Structures are given as C-alpha cells and as structure tokens.
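Each protein sequence line maps, in turn, to chains E and D. Using UniProt numbering, read the first sequence as starting at 1 and increasing by one per residue. Using UniProt numbering, read the second sequence as starting at 1 and increasing by one per residue. A virtual CB, placed ideally from N, CA and C, is assigned to each residue, including glycine. For clarity, every value in this text was computed on a predicted model and none was experimentally measured.
Number of protein chains: 2
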Amino acid sequence: MQFLLSSELIDQIKALINVKDDKGLQELLHDVHHADIAEILDEVNGDEATYLVRLLDSEQTSEAIMELDEDVREKLLDQLTPLEIAGEIEEMDTDDAVDMIAELDDDIQRAVIDQIEDEEHKADIREMLQYDENSAGGLMAKELVRVKETWTVAGCVREMRRQAEEVTRVHSVYVVNKNDELIGRLSLKDLLTSTTTTKISEIYIPKVDFVNVNDPAEDVAKLMQKYDLEAVPVVDENKRLLGRITIDDIVDFIKDEADKDYQMAAGISQDVDTEDSILTLTRARLPWLFLGLLGGVGAAAIMGGFEEVLQNHVILLLFTPLIAAMAGNVGVQSSAIIVQGLANDDVKGSIGNRLLKEMLLAMLNGAALAIVLFFFVWVSEGAVNYAASISISLFVVIIVAGIIGTFIPLFLHKRGIDPAIATGPFITTSNDIFGILIYLYIAKLILGI
Amino acid sequence: MQFLLSSELIDQIKALINVKDDKGLQELLHDVHHADIAEILDEVNGDEATYLVRLLDSEQTSEAIMELDEDVREKLLDQLTPLEIAGEIEEMDTDDAVDMIAELDDDIQRAVIDQIEDEEHKADIREMLQYDENSAGGLMAKELVRVKETWTVAGCVREMRRQAEEVTRVHSVYVVNKNDELIGRLSLKDLLTSTTTTKISEIYIPKVDFVNVNDPAEDVAKLMQKYDLEAVPVVDENKRLLGRITIDDIVDFIKDEADKDYQMAAGISQDVDTEDSILTLTRARLPWLFLGLLGGVGAAAIMGGFEEVLQNHVILLLFTPLIAAMAGNVGVQSSAIIVQGLANDDVKGSIGNRLLKEMLLAMLNGAALAIVLFFFVWVSEGAVNYAASISISLFVVIIVAGIIGTFIPLFLHKRGIDPAIATGPFITTSNDIFGILIYLYIAKLILGI
C-alpha cells in the first residue's frame, strides 16, 4: 500500500520540469500524498524543487515542506520570497507554521509574518512564537473544535461543522465555560445519541486530561503515552483553553528523542543521518573522537608511570587492552540501563540503593569473568601469581566501572543535565583510564613489585 | 495533571486490603485510571495485587493488567483461575486479549479460551492467535465501525451507535461492499453535513490507506508514521476488512523497538529495566561481557606474538589502549549511523558507495587525529620515528574500523539479520583486535624491526 518512489518517476518529473510542462506535472502529481511529494522534493535538485513548490498547490506543498529534513528545507526556503513563504504558511496548521518560521532568520521572519493575510492565523503565530520549542506550547496547534457549555446539541453540531473545516482531524470536542476555561470534553458518541435540544452542559464529560502551556514536551509525551491519549488540550495558568497537541506530533517527538539518545550513546553529537555530507558527519563525530584520543593519551601517561613494572612483567601488558575494554563495556551497560530508566521514569529508590544494586550485580558478573580469566591465564601461562593478580584486578575494575557507569548519569540527571551525554565515548574513555590505573596498581600490590 | 502515586496511598491501600475493607477500596480506587491502577498493582505485593484484581471491576483491571510488565503480569495471572482470567479477557479489546493469551502456557490458554462466554469474542481471539505477533495481524484489533455502501446516512448513524458501544474510540468509519471488501472510508464531517436519506455510496471517500494482515509490523509503523495515520484498516488477500490498527499500539511498538536497539548497542541482550532482579540483569549482560573477555584474550594472544618488539620498544605498548579505544569508537559511530539509517529506511545507494563515503569520512577524521597525535608523541617523547609510526597506524586503523563498522551492519541487513546486533560490544571487540593487530604490524614495518 506504500507509495514507492521509482527512479523512473523522478526522471519523468525532471523531464517535465525541463520542458516546463506545468500541466503535465500538475496532472501527474495531483493525487500524490504530501509525504510522497516531500520524498520527490528531496530527490530532485534545488532549482527543480523550487519550481515544483511554486507550481503546485500550497495545500499540497506546505505539508510536504514540513516533512523535509531541516537542511533541505532551509535551502528550499532560501529560494522563495517572503510572500511565497507566507503563501505556504497560510495553508499550514499553526504548529507547523511556527516550527517553520522559527527556523528562518529574524529579519526574514518578520517579513514573512507581515505577508500573512489571514489576521487570525498571523496573531496565533505571533503568540505561539513566544513559547519554548520544547514545551507544550511549542508542540500545540491552535486548531481545535471548542463548544460552549450553554449551547444545545443542534447549535453545537452547526458550530462544529464550521470549525471542522479548519481542523484536519476532529479528535475531541472541548467544552469551555463563558470565560473560555476548559471544563470538559464531549464524546462524539454522546453527541450522536442525544436529542438536538439537549444542552451541552447536561452531556459533557467533566473529566478531561490537560497540560499547561509551559509543561516540558517530555512530560506531555509521557502523559499521552501512559494514558493512550490521542490529543490533549493545552491551557494557560487560568485554565483558559489555548490549543491542543495531537499524537502524531508526539510520535515524531518520541522518535526524535530515541534517535538522539541512540546517537549520543554511539558518540555522535548532532542529529545526523547517513545522507548528510561528509563535513556535517565529521562535525558530529570528530569531537568525540578527540575525547577518545585524549583518554588514550592519558592511559599512555599512566602506563608510562608503570614502565619499569611492565617491562619486567610483560605478561601484564598483554592484558591491558582486555582490562580497558571490559571497563568500557561494563560502564556502557550500566549507564545505558540508567539513562533508559531515567527517560522512562523507571528509576525508583535512592542513589545509594541504586549503587548498591549495581555493585552486587558487578560483583556477580565480575566473579564469573574473573574465574574464567584466572584459569585461562593459569593454564596458558602457567603462572598462578600472574593469573591471580590479573583476575583480581579484573574483578575490582568491573565493580568500579559499574559504579561509575551508574553514578555519572544519576549525578548529571540530579544536576539537570541530560544523562544521555554520559553514555558512549565519555564513559568508555573515563573507564579505560580508571581501569588501567586500578589494574596496574593492584597488580603491583599483589605481585609485591 | 499527572496522577502521582504517593507512598501514603500505597500504605492506605495495603492497610485496607489487610482488614479486607472491600467497600473502602472500591470507593478509593473507583475513579482511578487503569494506567494508574497498573502502577498500584506493580507496587503492592503479589497477594495484594491478586486481591485487588479479584475485587475491582474487570473493566478497570483488565486494561491495567495489560499495562504491567510481562514478568509482573505472569506472576499475577499464575494466581488467577482460568475462569477469572477469562473474565478479564471478556473486557479487553481483541488485540490486548490475544497478546495476553499468547503469553500463557498452552494448556492454560485452552482452558481460558473455553471459559470465554462471548462467542464472537472467542472466535475473534481464536482467529487472531494464528497471526504472527510481529505482523499487522498481531497488532490489529477486531473492534471497528464498519458500514455498508448500500446504507443511508440515517441507517448508518443508527448502526454506528450500536457498534460504537463496543469500540473505545471511533477513529474512522470503514465502508465495505456486499462481499465485506474494504472500498473506502467515511469522514465524520461528511456524515454530519449530509441529509439523512443520502446513500453512503454517494458520500464515502474511496481513497483509503490499508495494510495486509501479513505485512510486517515494522512496515505498518513506518506507513502510519509517514502518512500521520491514526488508524489503518487491515485486510486479507481478498481485501476483506479484518480489523484495524490504532496509533497507540504503534507508539508502543516504536518505543519498544527504540529501547531494544539502544540496549543492543549498549551490550544488553534482553528487554530489561532498572527494576529487574540482579539475576535477570546478569543474564542480559554477562553473555556480552564474555564476548568482550574473549576479545581481550584474543588481543593478549596477538600482543604475545609481538612480545619481543614491545619489550624493546616500550613506547609502542603505551599506545595500544589508545589504538584499541579509537578503533572501537569509530566502529561504534559508523555502525550506529548505518543501523539507524536502515531502521528509518534512509540508506540509499549501493554498499560500495556507502563504504567509499565512510572511507573518505574516516580519512578526514583519521588525518586530523593522527596529526594531533603525531605532534603530541613527537614533543613528549622526542622520537620522530615513533611518532610517525604510531600516528600512521592510527590513521590506518581508523579507516579500517570505519569500514568494518559500516560493512557489518549492511551485510547482516542484506542477509536478513537485525543489524542492531552488530553495534556495541560486537563491533568494539572485533575492532579492538583488528586495531591492535594492524597497529603492531604497521609499527613493525615502519620501524623496520
């Protein structure tokens, strides 16, 4: 059922643009979904994309533009005049309109807003530009169906028909009192089953979930997920109904957050994807690699301090990469579980309890791994004292790595910093250094050198 | 606006259970959302949870049970008789009912299904148990509003009222022909604005997205995300309407998939969370750590082969952890980008092109890092030949690591294996070994030893 963008279609479109066959293009793309138009805009070159946006109906292109990656959209908008951009914005829901305007430079922003004809739309956009992007206000749209408690079912249906023209999908009908304060919602089922003269105040449901316009977007996502809400109304401090947030925006938000955390854990610091340029990818990757380099140089310095020991006990040096790798692996595991738990509001109990649990876990894992390593070194090298010192070090290093991996994200979270930054290269690098230091120190101690 | 589960409330509930104050419990929990009931069931002990499930209305508890973690639910269901479980299932939508039944042992499954009174529900569940869990059939529910094209608007509204009683939320009204084949959908807007004698065939929208019952769940998620669908009808080979999938199930699916990929990248092989027991966590973490141990032992063996070189050129050994760590970091970065790109259907072009791009990227990053390392080693150790051999090795190792990190997930994906398995410890470990091997080999070559 999915639309498949063939290279034949792209070639056909390019050819039509080349000969400026506007009618042919319009016919060809008339029935195409905006998400597919977006894919087409992404595949053709910049001039061709501009041509298509100018040619096709804004109703179709405005939503397609919102589906594009930010960098592609930026290039496209650069080619359009403020009047043309305003034309696209007239067709957008307020939430999309504001997202797009927020991406423009300040002076272009003003020029574009000035060109918007619909005064109500303009005022809504100006209001919404004030909200933080990562708050409920930044996610909401002004488009919704609102009815007054004093209306009858007949009046309500009449009003709904009018309002519904502007609202893509009627999720819920919100009921307000004379001060425009949210007091409840109306189920379509009740509306269908009530006589036309019934007052709304008699049939509305007073129990309604809502969020405050300043609530963090993350909390909104959690609330909607937990209660399986498909739309949630947004109110101000006085409970006045300002807008609503729909589940499709939350789906995008959840996906983006998950992608960001995943990339952070892999040591990629910006929102990039495989199709980005090598330079963009380098900017996202190189800083973390420098951190790793710094860690490696630190490890070298530490090992340099034990140079004599290592030279006389070569067997110890053979196992430094093993110790460093295990410290990194355990640290990443512990931190990932905590970061994910924090994201899902799943982490209960005190930091102390959490560290204790991780310590027990690390002791269990560490003991199993240390015993295996002990026998391996003993059998292969035939030196029980080396086997003992290497495996005991591994045991201690695993415990310390687990504790660091648990503590750092919890600490960052407590300080209001996104704990996801602690996963990946950061934990690996610091655990490499700690691991090697502990290893050499313990080995020296046990071997009495 | 979110319900906050206080320890006072839990204590109060436990006290009421203790004195068997059923009326008090019912009053206290009467208005509580099923998602919050689930949190309560999670906090009290097993016997208390069983007590609550027996006491409270199945309408409330059935949905709460579905919100529980699988292991908590399993323990709870163990306490209930097949008849009691069937009572909960009567209240569930078919999709939840099937998910829960699928978790039971075979003989209990049969006993429970036999106890379901509603014959239609029973038949639906039996039918749905045949679909693969990760297919559209496994996600869909049978509950939907379907109207025939031959009906009038008035008849349609009458039928909708009846059907809507069984359907929690009316997303869309699907129109079928006399063979029960999906031919379109009905917008509530059109229904509100049409006269009662209008035929459905005159007002329905023939353009409707749908999925086949055997389509993979992943494809359904992508389709619904791309086209911002809130519900999608499911049909069989003959286009007969079987059920529908709603966006809230897809939200859960997306979240689960993201969590799984994240954990895989961190070397955690089962779906665990912070609250799981130490034993469960160990089972999820230890296998990957053993893999790391194996890798470390491999690295030790390789270094053992170069023992003489290392003994005479101690400076080389100081940088083995750096080389290993950088190989791991680059490998994780490359593989993460590819895995995410594959998950988002974002990877275009051939494997060859992809590898070429990664190679160029790795050369750029590698050169920058190698130059920095060269000057550092030169200045700090004063030996230009060591500085050259170490930094040139780093350059080569980074390129190889990037290529391995790109190639393995692409290769696994081509072979139909989930590429996410290639991220994390797997890539880190293999790149550690390759990195050290390449490093020592090149150093030996350059230093002529």
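Minimum Cβ-Cβ distance from residue i to chain E less than 8 Å
i, result
"Tyr131(D)", "no"
"Thr198(D)", "no"
"Tyr386(D)", "no"
"Ile13(D)", "no"
"Gly304(D)", "yes"
"Pro425(D)", "yes"
"Val297(D)", "yes"
"Phe411(D)", "no"
"Val32(D)", "no"
"Arg285(D)", "yes"
"Leu355(D)", "no"
"Ala300(D)", "yes"
"Gly376(D)", "The amino acid at residue 376(D) is misidentified as Gly; the sequence shows Phe. Chain E, which has a Cβ nearer than 8 Å to the Cβ of Phe376(D), makes this yes."
"Gln2(D)", "Reliability fails at Gln2(D), whose pLDDT of 49 lies under 50, so the model's placement of it is uncertain and no value is given."
"residue 480(D)", "Any property of residue 480(D) remains undetermined from this structure, which presents chain D solely from 1 to 449."
Cβ neighbour criterion (16 or more within 10 Å) applied to residue i
i, result
"Asp345(E)", "exposed"
"Asp57(E)", "exposed"
"Asp107(E)", "exposed"
"Lys255(D)", "buried"
"Ala274(D)", "First, the residue type needs correcting, since residue 274(D) is Thr and not Ala in the sequence shown. The residue in question, Thr274(D), is buried, as its Cβ has 16 or more Cβ neighbours within 10 Å."
"His413(D)", "buried"
"Pro233(D)", "buried"
"Ser7(D)", "exposed"
"Leu445(E)", "exposed"
"Arg126(E)", "exposed"
"Gly424(E)", "buried"
"Glu63(E)", "buried"
"Asp78(D)", "exposed"
Beta-carbon contacts of residue i that lie in its chain and below 6 Å, excluding the five residues immediately before and after
i, result
"Leu16(E)", "Gly24, Leu25"
"Leu76(E)", "Ala49"
"Leu440(E)", "Phe306"
"Glu133(E)", "none"
"Met1(D)", "Unreliable placement is indicated for Met1(D), whose pLDDT of 44 sits below 50; no coordinate value is reported for it."
"Pro206(D)", "Gly184"
"Phe374(E)", "Ala387, Ser391"
"Glu59(E)", "Glu91"
"Ala299(E)", "Asp432, Ile433, Ile436"
Contacts around residue i, its chain only, beta-carbon distance under 8 Å, and the 5 residues preceding and following it disregarded
i, result
"Met359(D)", "Ile399, Gly402, Ile403"
"Phe434(E)", "Ala327, Val397, Val400, Ala401, Ile404"
"Ser148(E)", "One point to set straight first is that residue 148(E) is Lys, not Ser, in the sequence displayed. Within the same chain, Lys148(E) has close Cβ partners Val175, Val176, Asn177, Lys178, Ile200."
"Gly331(D)", "Ala401, Gly402, Ile404, Gly405, Ile427, Thr428, Ser430, Asn431"
"Trp151(D)", "Glu159, Lys199, Ile200"
"Leu55(E)", "Asp22, Leu25, Gln26"
Beta carbon proximity, residue i to chain D, threshold 8 Å
i, result
"Phe407(E)", "no"
"Glu90(E)", "no"
"Trp288(E)", "yes"
"Val98(E)", "no"
"Lys414(E)", "no"
"Leu41(E)", "no"
"Glu307(E)", "yes"
"Lys239(E)", "no"
"Tyr262(E)", "yes"
"Lys142(E)", "no"
"Asp273(E)", "yes"
"Lys255(E)", "yes"
"Met359(E)", "no"
Residues near residue i in its chain [Cβ-Cβ closer than 7 Å; skip 5 each side]
i, result
"Gly310(D)", "The sequence shown places Leu at residue 310(D), rather than the Gly named in the question. The answer, listed in chain order, is Met303, Leu316, Leu317."
"Gly87(D)", "Ser58"
4-residue-minimum alpha helix (DSSP H) runs that sit fully inside the stretch 72-100 of chain D, ordered along the chain: Runs of the alpha helix (DSSP H) lying entirely within the stretch 72-100 of chain D, each at least 4 residues long, are 82-90 in chain order.
Beta strand (DSSP E) segments (min. 3 residues) lying fully within the UniProt domain "CBS" (204-260) of chain D: Qualifying beta strand (DSSP E) stretches, in chain order: 231-235, 241-246.
Beta strand (DSSP E) runs contained entirely in the UniProt domain "CBS" (140-202) of chain D, provided each spans 3 or more residues: Within the UniProt domain "CBS" (140-202) of chain D, the runs of beta strand (DSSP E) at least 3 residues long that lie entirely inside it are, in chain order, 145-148, 173-176, 182-186.
Sufficient close CB pairs (3 or more, under 8 Å) joining the stretch 242-259 of chain E to the stretch 279-287 of chain E: With a cut-off of 8 Å, the stretch 279-287 of chain E and the stretch 242-259 of chain E do not count as touching, because too few Cβ pairs lie within range.
Contained alpha helix (DSSP H) runs [length at least 4] in the stretch 41-71 of chain E, N- to C-terminal order: As summarised for the stretch 41-71 of chain E, the continuous alpha helix (DSSP H) elements at least 4 residues long and confined to that stretch are 46-55, 58-67, given in chain order.
Any 3 or more C-beta pairs closer than 8 Å across the stretch 92-109 of chain D and the stretch 156-164 of chain D: Contact between the stretch 92-109 of chain D and the stretch 156-164 of chain D is absent, because fewer than three Cβ pairs lie under 8 Å.
Uninterrupted alpha helix (DSSP H) stretches inside the stretch 313-397 of chain D (no shorter than 4 residues): Here the runs fully enclosed are 314-318, 320-343, 351-381.
Complete runs of the alpha helix (DSSP H) confined to the stretch 422-449 of chain D [at least 4 residues]: Entirely contained in the stretch 422-449 of chain D, the alpha helix (DSSP H) runs reaching 4 residues are, in chain order, 425-447.
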